[in-house]
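J.:
There are 2 protein chains.
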Amino acid sequence: MNAYLETLGSRAKAAAAQLNKTSEKERSAALLAAADRLERSAEEILAANAEDVKRAEEKGVSAPMVDRLRLSGARIADIAAGLRQVAGLSSPVGETIYAYRKENGLLIEEKRVPFGVIGIIFESRPNVAADAFGLCFKTANAVILRGGSDAISSNAAVVNALRGALAEVGMDENAVQLIEDTSRETAAEFMKMKKYLDLLIPRGGAGLIRSVTENASVPVIETGTGNCHIYVDESADIDMAANIVFNAKTQRLGVCNACESLVVHAKIADKALPAIYAKLKEKNVEVRGDERALAACGEFVPAAEEDYGKEYLDAVLSVKTVDSVDEAIAHINRYNTGHSESIVTENRENAEKFLNEVDAAAVYVNASTRFTDGFEFGLGAEIGISTQKLHARGPMGLRALTTTKFYCRGNGQVR
Amino acid sequence: MNAYLETLGSRAKAAAAQLNKTSEKERSAALLAAADRLERSAEEILAANAEDVKRAEEKGVSAPMVDRLRLSGARIADIAAGLRQVAGLSSPVGETIYAYRKENGLLIEEKRVPFGVIGIIFESRPNVAADAFGLCFKTANAVILRGGSDAISSNAAVVNALRGALAEVGMDENAVQLIEDTSRETAAEFMKMKKYLDLLIPRGGAGLIRSVTENASVPVIETGTGNCHIYVDESADIDMAANIVFNAKTQRLGVCNACESLVVHAKIADKALPAIYAKLKEKNVEVRGDERALAACGEFVPAAEEDYGKEYLDAVLSVKTVDSVDEAIAHINRYNTGHSESIVTENRENAEKFLNEVDAAAVYVNASTRFTDGFEFGLGAEIGISTQKLHARGPMGLRALTTTKFYCRGNGQVR
Chain W
120 MNAYLETLGS RAKAAAAQLN KTSEKERSAA LLAAADRLER SAEEILAANA
170 EDVKRAEEKG VSAPMVDRLR LSGARIADIA AGLRQVAGLS SPVGETIYAY
220 RKENGLLIEE KRVPFGVIGI IFESRPNVAA DAFGLCFKTA NAVILRGGSD
270 AISSNAAVVN ALRGALAEVG MDENAVQLIE DTSRETAAEF MKMKKYLDLL
320 IPRGGAGLIR SVTENASVPV IETGTGNCHI YVDESADIDM AANIVFNAKT
370 QRLGVCNACE SLVVHAKIAD KALPAIYAKL KEKNVEVRGD ERALAACGEF
420 VPAAEEDYGK EYLDAVLSVK TVDSVDEAIA HINRYNTGHS ESIVTENREN
470 AEKFLNEVDA AAVYVNASTR FTDGFEFGLG AEIGISTQKL HARGPMGLRA
520 LTTTKFYCRG NGQVR
Chain V
120 MNAYLETLGS RAKAAAAQLN KTSEKERSAA LLAAADRLER SAEEILAANA
170 EDVKRAEEKG VSAPMVDRLR LSGARIADIA AGLRQVAGLS SPVGETIYAY
220 RKENGLLIEE KRVPFGVIGI IFESRPNVAA DAFGLCFKTA NAVILRGGSD
270 AISSNAAVVN ALRGALAEVG MDENAVQLIE DTSRETAAEF MKMKKYLDLL
320 IPRGGAGLIR SVTENASVPV IETGTGNCHI YVDESADIDM AANIVFNAKT
370 QRLGVCNACE SLVVHAKIAD KALPAIYAKL KEKNVEVRGD ERALAACGEF
420 VPAAEEDYGK EYLDAVLSVK TVDSVDEAIA HINRYNTGHS ESIVTENREN
470 AEKFLNEVDA AAVYVNASTR FTDGFEFGLG AEIGISTQKL HARGPMGLRA
520 LTTTKFYCRG NGQVR
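Residue numbers (this note's numbering), protein chains in the order written: chain W, 120 to 534; chain V, 120 to 534.
Here is the structure:
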C-alpha cells in the first residue's frame, strides 16, 4: 500500500478507537461546533470553491456540472444546518437489538456498534464531504473522504474547517480526513485497503458505482442508480395517474428516484396516455413508446428495446403497454435497478400483488416514486440510497452506518 | 455464463418467485415432509455415501476428513431432526421493522423479505446440503448448492430426497438445486452469477472462504475462521481461568470458536500459567509461549511471532504475556479474526473496557468462547458465523437470510 494511504489509514483507525469511547452528547456537541466553524470559514471555503469553479470553466465542464460544484454563502449555511440537524438525531449506537439469558446464567446481548473506519468516494458536490462526515461521526465512525479532482480545493477547505472544529473541542481531528491525492491509482488502492477500511460507500453516478463495486475488496454498499417505473393499471384513476407520473418524471429530472419508464395496461392506454401526455408536454418531455402506445398517442416517438433499460436523468420517458399486472411485474423485474417502483390502481388485489412481487428497495401504491429519500421516509438524514440487498436497502440513515456485536457476560460458564 | 448454470439460475429465480407467494405454514409443512423423506431415503443416501467414502479412502484422504464425509443412519436421523426443528422456528419474513406515516397520509413500512436466490459453497460435510436448504427454505429463499467433489454422490442423494419431498407437497422442487459439475471453472462462474444470485455464503475452511471473497462478484457473507483469544487479567480467579481455557481449548479442537491463544497479565502469570497448564496437560496440549511465559512454566516451548496469527484447530495453544488490559486489547485487535474473545477478570472496569474495545463478533467476560453458536445464543439454528461487519455479524440465524423492503401505500401523494 502506498505510504500516504497507510498513514491516513492508521490515523483513522486510531481516531475510530478514540471515537468509540466518546458519548453521543460529546459527539453532538462536536457536530454543532463543526457547523459553527463551517459558517465562520465561509470566506476561505468560497475562495477555494472559486478556484475549483474557475478551473472547471476553463476545462469546458458543462454548465450543470459547474452548478453542482458551485457553493454560496446560502449553500454553506445549508450544509451547516444539515450538521446541526444530524447533531439532534438520536444515534442507534448502543441499542440492544436482541437479548437472551441461557439457563446457565450467561447473558447474551446483541448491540449496535460503529463500523470503525468508513471510506466515502464521491464526485463533484462539495456538500457531500460535510454531510457524510456528519452521519459517520454521529455514529462514532471515523471517515476517509475521496472526492473528485474537480472539487479538490473546496473539499480541502471544508475538511479543514471540520478538523479545526474537532481540535477546538478536544477531539481527534483524524476522525475526518481527505485524500488529497486524487489520482486513479490511489483511488484503486484505497478501494482495497481492507486493513484499515471497514466499509466503503460510493456516492455518485452509475459509472463511479460500477467502478467501485468491480474493483473494491473492502465491503461496499452500492448506492443509487434508479430506473424507476410507474405502472398504470386497468383500474387506475386517470387523473391521479397523470399527477403522479408528472410529479415523478418532472419535479427533478436528474435524481435517482425520478420516473424513467411508464408501464400501462393496454385496456386503459387510449384514455390514460393522452391525459398523462397532456401534462408532460408542459415540461417538454419526450415520450418513447411501443406500438400500442404510439397508437394511443400520436405525439410519441418509437422506443427501441434498449430504452427500457435506460436511466435517462433527463426529460425523456419510455412507455411499455402490457396486458396484465403480471406482465407489468415481469417487465419491471427484468429492467429495473431495484430502486423504486409504483402502481396506480383502484384494485386492492393488484396493489398487493405488485407490492409483494416487484423486487425493489421501495414499492408504492398510488404515490410518486420521488418519496424514496431518507428525509421523506422519516429517517432524519441519509448517507445514500442502497439498491443492494445486503446490510441496507433503500434510503440509509444512521442505522446503516452501524454493525452489531454480541456482548456475553458470565461468571465462569463453560460448555 | 455456461448454459448449465444459466439453466440452474433461471429455474432458481422462478422457484424463488413461487416461494415468495407461499405461507410460512406451507413451508413448514414442506420441511416436515423433507425430513420424513430423508429418513425414508436413508438406504439410497447411505449407498451413495459409501461410494464417496470408498473413493476418498482410495485417494488416501486423511482419516478425520473421511470421518467428516461419512454418514450413518443416526446421522441421517440427526439431519432430519434439524429440518424438523427449523420447521418449528418462527420465520422473520414479513416482520415490520420500521413504520412511518407522513403528514400527507403516505404510510411507509419497512419489512423483512426473502433475498431471493442464495448460493452456498461448502466442503465435504454432506449434512450442510440439508441444513442450508432448511434455513433458506424457511425464509422463502431458493438455494443453489455447490458442494465438494468428495461428497458429490452423497450430496446428490440428499438433494434428490429433498426435491422429491417438495414435489410430493406440490411445491417447486427447484427451490433446492445441486451443481453436479464440481469443476473449478464452474465454481468460479457461479461466484460471479449476479444475474441470478442475490447472496453467496461459503461454508468451510479458511482457504475456501478466501477464494470466495477474492473471486466472487455476488455479495458474500464471510463465515468462520476464528483465532480466538482468552485474556487472563491480573485480578482473575485462577481456577475459573483454568476451567474456561481448558474448555475453550480442548472441548472440540477443530472448531472456529475454540481458543487458539492465551493472553495473560504478567503479574499473574507465575500463578496462572502452571494452574492452566496442569489441566491442558491432561489433553496433551502443546503450549507455545513468549519469554515470560516460559519463565512461568518450564513445560512450554518457545512461540514464534507467527504463532500469534495462527488458527491451529489442533491441540496447540500460544501464550502472550502483557503488562495491562490495554496491551492485551491491542494484541488481540492486531491478531484476531473478529470471531470470539474472552476476558477472565474480577475487575468490572477492565471487563467493560475489554467488551467495548475488542473488535470481534462476540466478546465475553468470564465465559468460554465455545458459546459462539446459533443454538447456544438462542437463535434456534445457524447458517454460519459471520466474521464480517456488513449485514450480519456472529452466529447467523434466519434473520440473516432476509433483506428488507419499503412498502409505501398512498392515495395519490406527490412531492
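For each residue, glycine too, the CB sits at the ideal point set by N, CA and C.
Whose C-alpha, out of V:ALA412, V:LEU517, V:ILE195 and V:GLU125, is nearest the C-alpha of ALA161 (chain V)?
T.: V:ILE195
J.: 9 Å is my cut-off, CB to CB: does ASN139 (chain V) come that close to chain W?
T.: It does: the Cβ of ASN139 (chain V) has a partner Cβ on chain W nearer than 9 Å.
J.: List the residues of chain V that GLU476 (chain W) touches, going by C-beta distances under 9 Å, in chain order.
T.: ALA136, ASN139 and LYS140
J.: When DSSP labels each residue in this structure, what does TYR483 (chain V) get in the three-state scheme?
T.: strand
J.: Under 9 Å between beta-carbons, which chain W residues line up against VAL212 (chain V)? List them in chain order, please.
T.: Per Cβ cutoff of 9 Å: no residues; VAL212 (chain V) is ~11 Å from chain W at best.
J.: Counting only beta-carbon separations shorter than 9 Å, does HIS510 (chain W) have a partner in chain V?
T.: yes
J.: Using the beta-carbon count (16 or more within 10 Å), is VAL544 (chain V) buried or exposed?
T.: Past the boundaries of the shown model lies residue 544 (chain V); chain V is included only from 120 to 534, so the question cannot be answered.
J.: Starting from the C-beta of PRO321 (chain W), find all residues in its chain whose C-beta is less than 6 Å away, skip the five residues before and the five after it, and write them out in chain order.
T.: Cβ neighbours of PRO321 (chain W) beyond the five flanking positions: ILE240, LEU327, ILE328 and VAL331.
J.: I want to verify the contact list: residues of chain W whose CB lies under 9 Å from the CB of PHE234 (chain V), in sequence order.
T.: When 9 Å is used as the limit between beta carbons, PHE234 (chain V) is near these residues of chain W: LYS508 and LEU509, in chain order.
J.: Quick check: the Cα distance between MET515 (chain V) and TYR123 (chain V), rounded to an integer number of angstroms?
T.: 30 Å
J.: Taking LEU543 (chain V) as the reference, give the member of V:LEU474, V:CYS527, V:GLU501 and V:THR523 with the closest Cα.
T.: Shown here, chain V extends from 120 to 534; a query on residue 543 (chain V) therefore has no answer.
J.: So the candidates are V:VAL441, V:ALA152 and V:THR215; which of them puts its Cα closest to the Cα of GLU292 (chain V)?
T.: Closest option to GLU292 (chain V), Cα to Cα, is V:ALA152.
J.: With 8 Å as the C-beta to C-beta threshold (strictly closer), list the residues of the region 481 to 500 of chain V near chain W in chain order.
T.: ALA481, VAL482, TYR483, VAL484, ASN485, ALA486, SER487, ARG489, PHE490, THR491, GLU495, PHE496 and GLY497
J.: Distance, Cα to Cα, ARG220 (chain W) vs GLY323 (chain V)?
T.: 29 Å
J.: Please classify ALA182 (chain V): is it buried, with 16 or more other beta-carbons within 10 angstroms of its beta-carbon, or exposed?
T.: exposed
J.: Hey, does CYS347 (chain W) have any beta-carbon neighbour from chain V nearer than 9 Å?
T.: no
J.: Counting only runs that start and end within the region 452 to 516 of chain W, where is the beta strand (DSSP E) found for 3 or more residues in a row?
T.: 459 to 463, 481 to 486, 503 to 505 and 513 to 515
J.: Closest to LYS402 (chain V) by C-alpha separation, out of V:GLN204, V:SER336, V:GLY267 and V:LYS368, would be which residue?
T.: When each option's Cα is compared against that of LYS402 (chain V), the closest is V:LYS368.
J.: Kindly indicate the opening and closing residues of the alpha helix (DSSP H) around PRO393 (chain V).
T.: 385 to 399
J.: Which residues in the same chain as GLY373 (chain W) place their Cβ atom closer than 7 Å to its Cβ, once the five residues preceding and following it in sequence are excluded?
T.: LEU432
J.: Quick one, are the C-beta atoms of ALA248 (chain V) and LEU297 (chain V) less than 9 Å apart?
T.: yes
J.: Rounding to the nearest angstrom, what Cα-Cα distance links ASN246 (chain V) and SER129 (chain W) in this structure?
T.: 43 Å
J.: How about GLY192 (chain W) and LEU165 (chain W): do their beta carbons lie closer than 9 Å?
T.: yes
J.: Could you name the residues of chain V that ASN366 (chain W) contacts, counting a contact when the two beta carbons are closer than 7 Å?
T.: Below the 7 Å Cβ cutoff, chain V contributes VAL533 and ARG534 as neighbours of ASN366 (chain W), in chain order.
J.: Would you check if the distance between the CB atom of ASP352 (chain V) and the CB atom of ALA447 (chain V) is smaller than 9 Å?
T.: yes
J.: Taking Cβ positions only, does TYR431 (chain V) come closer than 9 Å to chain W?
T.: no
J.: Within 10 angstroms of the Cβ of VAL232 (chain V), are there 16 or more other Cβ atoms? Answer buried if so, exposed if not.
T.: Around the beta carbon of VAL232 (chain V), a 10 Å sphere encloses 16 or more other beta carbons of the protein chains shown; the residue is thus reported as buried.
J.: For the 8 Å Cβ check, are there 3 or more pairs between the region 505 to 514 of chain V and the region 260 to 271 of chain W?
T.: no
J.: Checking 9 Å against the spacing of the C-beta atoms, do GLY266 (chain V) and VAL337 (chain V) come in under that value?
T.: no
J.: Kindly indicate the opening and closing residues of the alpha helix (DSSP H) around CYS255 (chain V).
T.: 246 to 257
J.: State whether the region 451 to 466 of chain V contacts the region 342 to 357 of chain V, with contact taken as three or more CB pairs (one from each stretch) at a distance under 8 Å.
T.: With a cut-off of 8 Å, the region 342 to 357 of chain V and the region 451 to 466 of chain V count as touching, because enough Cβ pairs lie within range.
J.: Ends of the beta strand (DSSP E) at ALA154 (chain W)?
T.: Note, ALA154 (chain W): premise wrong, no beta strand (DSSP E); alpha helix (DSSP H) at 143 to 159.
J.: Nearest to PHE256 (chain V) by CA position, among V:THR342, V:THR344, V:ILE227 and V:SER142, is which residue?
T.: V:SER142
J.: Hey, does GLU405 (chain W) have any beta-carbon neighbour from chain V nearer than 9 Å?
T.: no
J.: Report the option in W:GLU418, W:PHE525, W:GLY499 and W:GLU333 whose CA atom is closest to the CA atom of SER93 (chain W).
T.: Any property of residue 93 (chain W) remains undetermined from this structure, which presents chain W solely from 120 to 534.
J.: Scan the region 312 to 327 of chain W for residues whose Cβ lies nearer than 8 Å to a Cβ of chain V and list them as they occur along the chain.
T.: Those residues of the region 312 to 327 of chain W that come within reach of chain V (Cβ to Cβ, closer than 8 Å) are ASP317 and LEU318.
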